[in-house]
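Asks: Here it is, the structure in full.
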Amino acid sequence: MPYLSNTGDGCLLLRVYVQPRASRNSFAGLHDNAMRLTITAPPVDGKANAAVIQFLASFLNVKKKDLEIKHGLQSRNKSVLIKGLSAEYIRSKVEAVSA
237 MPYLSNTGDG CLLLRVYVQP RASRNSFAGL HDNAMRLTIT APPVDGKANA
287 AVIQFLASFL NVKKKDLEIK HGLQSRNKSV LIKGLSAEYI RSKVEAVSA
């Protein structure tokens, strides 16, 4: 799972590639060892970043406070810190929508 790594402190780091201004919010497969997300929000004033957190919180069934964009606030390539989930759980969620 190159898109997912363990930080060593009980958290996981998820690599995400974001396509803003899409027609809908969705998981769109993998892109360069990252989860590819399509987000309807524009990349202006942090709207796309907020939409990424909202989408991932809903997708992974966690609270928004358990997610944090650590790298890539102004880039399509982002690293999202996830607290309180196992790598196996995230992998199963990704595989369920990839199939």
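Number 307 in my numbering belongs to position 71 of the sequence shown; there are no gaps in the numbering.
In this text, a Cβ means the ideal position worked out from N, Cα and C, and glycines have one as well.
1) Taking buried to mean at least 16 other C-beta atoms within 10 Å of its own C-beta, is Ala332 buried or exposed?
2) Could you tell me whether the Cβ atoms of Ile326 and Leu240 are closer together than 8 Å?
3) Find out if the Cβ-Cβ distance for the pair Thr276, Asn261 is shorter than 8 Å.
4) Which partner residues does Phe263 have in the DSSP bridge list?
5) Is the beta carbon of Leu296 less than 8 Å from the beta carbon of Lys319?
Replies: Reading from the atomic positions:
1) Under this definition Ala332 is an exposed residue.
2) yes
3) Yes, these two residues count as a Cβ contact at 8 Å.
4) Leu273
5) no
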